[in-house]
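Chemist: Line order of the protein sequences matches chains A and B.
Numbering (the working numbering) for the first sequence: 1 to 522.
Numbering (the working numbering) for the second sequence: 1001 to 1417.
Glycine included, every Cβ here is placed at the ideal spot set by N, Cα and C.
No experiment lies behind these values; they were computed from the predicted model shown.
I'd like to ask you about the structure that follows.
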Amino acid sequence: MKTQVLIIGAGATGAGIIRDLALRGLQCILVDKKDINAGASGGNHGLLHSGARYVATDSEAAIECADEGKIIKQISPQCVEATNGLFIAVEGDDEQYIADFSGRCKHCGITAKEIDVKDAIEMEPNISPRTIAVYEVPDASVDPFMLSLDNVAHARQLGSSYLRFSEVVGFDIRNNKIETVHLKNSQTNETFDIQADWVINASGSWAGRITKMADLPLEVLFSKGTLLVTQKRLSHRVINRLRQAADADILVPGKAVSIIGTTSVRISDPDDIWPTVKEIDSIVKEGAVMVPALESTRYIRAYCGVRPLISQPGASDDRNVSRGFALIDHAEHGVQNMTTITGGKLTTYRLMAEKTANMVCDRLGISEPCKTHITPMPSTTDGRWTEPGMTPQEWMHHHPSQDIMLCECEMIPKTAIDHIISNMQSKHGNTDLIGIGIRSRVGKGPCQGTYCSARISSHMVDRGDISGRDAVVQLKRFLQERWRGQRPLLWDNPMIQSELQEAIHCGFLNLDGYILPEEVQS
Amino acid sequence: MSLSTDYCDVLIVGSGLAGMSSTFFSLEQGLKTIQIGRGCPLQFYSGFFDIMGTYPIQENKTWENPWDAIQQLCQENPNHPYAFLTKDQLLQGFGSWIQFLKNLGVHYHYIPNKNIQAITPIGTQKLTHAVPEKVWNGINAMIKHQKALLVDIEGLKGFSARQIQETMKASWPELETARITFPHTSGEVFTNHMANALESISVQEALVELLMPRAQRVDCVGFPAMLGAFYHHDVCKNLEKMLDKPVFEIPTLPLSMHGVRIQNALTHGLTEKGAKLYQKIVTQIEPDGKYGFVVHAENQTIFAKNIILASGRFMGKGLLASRTKITEPLFQLPVYQPESRSEWHQKNFFDTGGHGIHQAGIEIDQTFRPIDKNKKVVYEHLYATGSILAHNHWMRYNCGSGVAIATAFGALNHISS
């Protein structure tokens, strides 16, 4: 395979870059060892920052967020819910910080409107009765999966391609240039090569592993952040704690649910990450100071993401260093056609993509300017099923009479699954249950995939997408992946639900004890 | 609604397998028996009658002979509920339960001293001891490598004949599949609706019509569990006559018709036998010096000499989990449990060693009465049976049905002695 630019990593940054370059007329390939948003882009709040959170610590980042937030709302409104946000302080919070807040926002060009506490409680009845100060800012919530899926879909319309399950395993470097990139299909272990004029390393937390294969120096540190999803939406707006950034002080509504987080824990390996009971308990406790309902509400699942930190001496809190991004031209290290971009935040993904694309185009002698800040992003069918409540609406409007609901929690019919599968098949790699989960609400409802996982895998066998044997493997993988987020919050109803899940999948289907027979040739 | 008052020798709290079998053994002892439970949990039952399949679980060691497994288990785990009963008692308890079900029209098949590899709706196999007769027909056909036709239904989700065939290819290469549209349906279909419809001869005939001529070339024909509800036997008998060969069923994901049939049969059978079965929520229980216990439920007061707590685990709400601990809500009995929530569950959902929470529950002594930390009986007339018991580990040992029935048998022996 040959391409002008190979982009490694299909998170928000990589997805933003492929669209940016495609709009400038370049033909690119985007690869990921897993799938869309497998790293930090899929493990965050889904918050489109107004910038107000950074006004005290990093006014440059605050200004970037403010500008980018406006652009993203304009060019991709389908991915954004313009909720606005409140910053609230409760009794005992730092009064100096409160006093300085609106001035600092103004300095960064962010509108922060002071709200009377009584009015605020009327606007958001779930905030603490001990609230002492409230400001309203233009925060919004954004669907990171729809955002990346739509970016990639647009780039594909423009002639670029995306390969799922394609892991970079090595580089051939000659005369200070990467001539060939070796890849492996991570589902089948088959290897293949791509020749590219330029290689962009947008692999986030895995950026250091990629550069190591090219003998380039880059030290990446990892900070884990854990978040919790509630079953019900608890607020209309984003609720931020009005204080120096700390644990569990942002509650972001996303359609039917709310997300509270995060934590910041330094870890040594970005791969096998787990939300822990200790983290969950501290998030609930701390979050409840701001929104007391968090103490008693039902949680659906927990998840975590890893912030990649480019090692910088002197940074005291991971939360602060992680917000900036690093754009590295590796020419100075002896490789002429490779760029690494890492760090940053979801809100500034487009800007990161623009700066990276500018650098690459400059070096390739291409003078086309960036268009992503003015070109609307088409709403494609790739991203539409990620939105809670979207499938029921579609189904109610025009459902074929033969259609059946495969997932009742999130109302996902067979036709939607068929659509998602055909979409996945055009992007390399086998059809897989986890991939369907990324592209839809499957497994995200109260039953956490107990019924729909088995039904959908049966349906996939019926369609001939996978073998019966694969269905067992995929079912186990899917449930194990959901388990990661269920395990730390099994009390009250979720405990009952998980007991049912185990009774069905272990007690009845014997997925715990069953040993797969050797593959039989038909 | 007016308040009513009842008196009984034994009140059973819970209507799952442990509650139903406790009710049965109580009636067998000639005691005045009331059962009170929430909903119809047996509808979720697969119908598989597990006694003991896997031990030690860390090694995922499975046993052909359940009694050998029980023997080793009891030697190494003297606090497992099975350890409080002799093999003869277990045999007697299981035997009379299976006979009772047979009298109610639910026929089980088993091979003495043997476990069976049952077929699941995704084509995996699961170790159990006894299965409903028509489920056995399918397992038997697999063992004997018979040619069989497995039918699935357009619009029935979660059941794919092709999936079962593919997954079982190694052990049953002679299995073929056919997909049909169930007579007079379109779009989504459900097994309970089809089961009821199949009780009509004309629907049976229409179904057989659809299977011809393919069914003529095989030795037996299989279906998802849907061959009748109340008249399962007649439906199967008619189909077998028309097809001129045996039929078999594979259980579906819950609610499976096997659970529904057992629920119906037991509700009917135990009522006939003289028990009062209430579907209510117990709100409060007080010990009463004169009569044992006073039990309050909506619009009702029951005076009970003895209570059997068969309220199950978390699904049955016999145990409640909060963020910090597990409690038993009716008597506030001490609950054996791991020290903290971080030890409740393993990282691997499918861990063959099981989860810490599996050990949690109510500890009893050999009289089947709950005990406290000092091994002292908590209430003289309170007994506990089934999955609420600590250390029973039903999920990984494959012993759920067996423990329910054995402990019910054991508890009633003590009450009547």
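Hey, quick one: how far does the beta strand (DSSP E) through T356 of chain A stretch, first residue to last?
Modeler: That residue, T356 of chain A, is in no beta strand (DSSP E); its alpha helix (DSSP H) goes Y349 to L364.
Chemist: Could you check what DSSP says for G1402 of chain B in three-state terms: helix, strand or coil?
Modeler: helix
Chemist: Going along chain A, which residues have a C-beta under 9 Å from M1395 of chain B?
Modeler: By Cβ distance, chain A contributes E499, E502, A503, C506, G507 and D512.
Chemist: Buried or exposed: which applies to I1281 of chain B, given that a residue is buried once 16 or more other Cβ atoms fall within 10 Å of its Cβ?
Modeler: exposed
Chemist: Using a Cβ-Cβ cutoff of 9 Å, what residues of the stretch 121-137 of chain A are near chain B? List them in chain order.
Modeler: none
Chemist: Report yes if the C-beta distance between S525 of chain A and A15 of chain A is below 8 Å; otherwise report no.
Modeler: Outside the displayed range of chain A (1 to 522) lies residue 525 of chain A, so it cannot be described from this structure.
Chemist: Within the 8 Å Cβ cut-off, does A1069 of chain B reach chain A?
Modeler: no
Chemist: Which one or two residues does DSSP pair with L1150 of chain B in a beta bridge?
Modeler: DSSP lists B:T1177 and B:G1222 as partners of L1150 of chain B.
Chemist: Apart from the five residues just before and just after N484 of chain A, which ones in its own chain have a Cβ nearer than 7 Å to its Cβ?
Modeler: A small fix is needed here, since residue 484 of chain A is Arg in this sequence, not Asn. The answer, listed in chain order, is W274.
Chemist: Quick one: list the residues of chain B neighbouring E359 of chain A, beta-carbon separation under 7 Å, in chain order.
Modeler: It is worth fixing the name first, because residue 359 of chain A is Met in this sequence and not Glu. Residues of chain B passing the Cβ test: none, with the nearest at roughly 41 Å.
Chemist: Please report how far the alpha carbon of T230 of chain A lies from the alpha carbon of P1213 of chain B, in whole angstroms.
Modeler: Here the alpha carbon of T230 of chain A sits roughly 54 Å from the alpha carbon of P1213 of chain B.
Chemist: Distance cutoff 8 Å, beta carbons only. Does W198 of chain A sit that close to anything in chain B?
Modeler: No, W198 of chain A lies away from the interface with chain B (no Cβ there is under 8 Å from its Cβ).
Chemist: Mind listing the chain B neighbours of D462 of chain A? Cutoff is C-beta to C-beta under 8 Å, in chain order.
Modeler: S1160, R1162 and Q1163
Chemist: Taking 8 Å as the CB-CB limit, is A1360 of chain B close to chain A?
Modeler: no
Chemist: Hey, does M411 of chain A have any beta-carbon neighbour from chain B nearer than 8 Å?
Modeler: No - not a single Cβ of chain B is within 8 Å of the one on M411 of chain A.
Chemist: When the Cβ atoms of the stretch 1006-1016 of chain B are set against those of the stretch 1057-1075 of chain B, are three or more pairs found closer than 8 Å?
Modeler: no
Chemist: Please confirm whether T1301 of chain B and S1022 of chain B have their CB atoms less than 8 Å apart.
Modeler: No.
Chemist: Considering only residues of the same chain and omitting the five flanking positions on each side of Y1278 of chain B, which have a CB-CB separation below 8 Å?
Modeler: Result list for Y1278 of chain B: I1034, Q1035, I1036, G1037, A1297 and Q1300, in chain order.
Chemist: Classify Q96 of chain A as buried or exposed, calling it buried when 16 or more other Cβ atoms lie within 10 Å of its own Cβ.
Modeler: exposed
Chemist: Classify S76 of chain A: buried if its beta carbon has 16 or more other beta carbons within 10 angstroms, exposed otherwise.
Modeler: buried
Chemist: Using a beta-carbon distance cut-off of less than 8 Å, what residues from the stretch 1253-1265 of chain B approach chain A?
Modeler: Those would be L1253 and P1254, in chain order.
Chemist: Would M1257 of chain B and T1181 of chain B be called neighbours here (beta carbons separated by less than 8 Å)?
Modeler: no
Chemist: Quick check: the Cα distance between I412 of chain A and Y451 of chain A, rounded to an integer number of angstroms?
Modeler: 12 Å
Chemist: Skipping 5 residues on each side, what residues in its chain have a beta carbon closer than 8 Å to that of V238 of chain A?
Modeler: L47, T83, N84, G85, L86, D139, A140, S141, I250, L251, V252 and P253
Chemist: Sorted by chain position, which residues of the same chain lie with C-beta nearer than 7 Å to E91 of chain A's C-beta, five sequence neighbours on each side aside?
Modeler: R130 and I132
Chemist: Does DSSP put S223 of chain A in a helix, in a strand, or in coil?
Modeler: strand
Chemist: Quick check on this structure: which residue in A:Q78, A:A62, A:A99 and A:L30 has the alpha carbon closest to the alpha carbon of C108 of chain A?
Modeler: A:A62
Chemist: Name, going along the chain, the residues of the stretch 1109-1129 of chain B whose beta-carbon falls closer than 8 Å to a beta-carbon of chain A.
Modeler: T1120, P1121, I1122, G1123, T1124, Q1125, K1126 and L1127
Chemist: Is any heavy atom of the ligand ZN found at a distance shorter than 7 Å from the C-beta of K285 of chain A?
Modeler: The ligand ZN is not part of this structure, which contains no ligands at all.
Chemist: Could you give the distance in angstroms between the alpha-carbon of A207 of chain A and the alpha-carbon of A1321 of chain B?
Modeler: 42 Å
Chemist: Buried or exposed: A1275 of chain B, going by 16 or more other Cβ atoms within 10 Å of its Cβ?
Modeler: buried
Chemist: CA-CA distance, V1295 of chain B and A1018 of chain B?
Modeler: 20 Å
Chemist: What ranges does the alpha helix (DSSP H) occupy inside the stretch 1287-1322 of chain B, keeping only unbroken runs of at least 4 residues that lie completely in it?
Modeler: none
Chemist: I think Y1383 of chain B touches A1360 of chain B, with their Cβ atoms under 8 Å apart; what is that distance to the nearest whole Å?
Modeler: The Cβ separation is near 19 Å, so there is no contact.
Chemist: Could you tell me the boundaries of the beta strand (DSSP E) in which V306 of chain A lies?
Modeler: Unbroken beta strand (DSSP E) run through V306 of chain A: Y299 to I310.
Chemist: Look at the Cβ atom of V31 of chain A, then the Cβ atom of S128 of chain A, and state whether they are nearer than 8 Å.
Modeler: no
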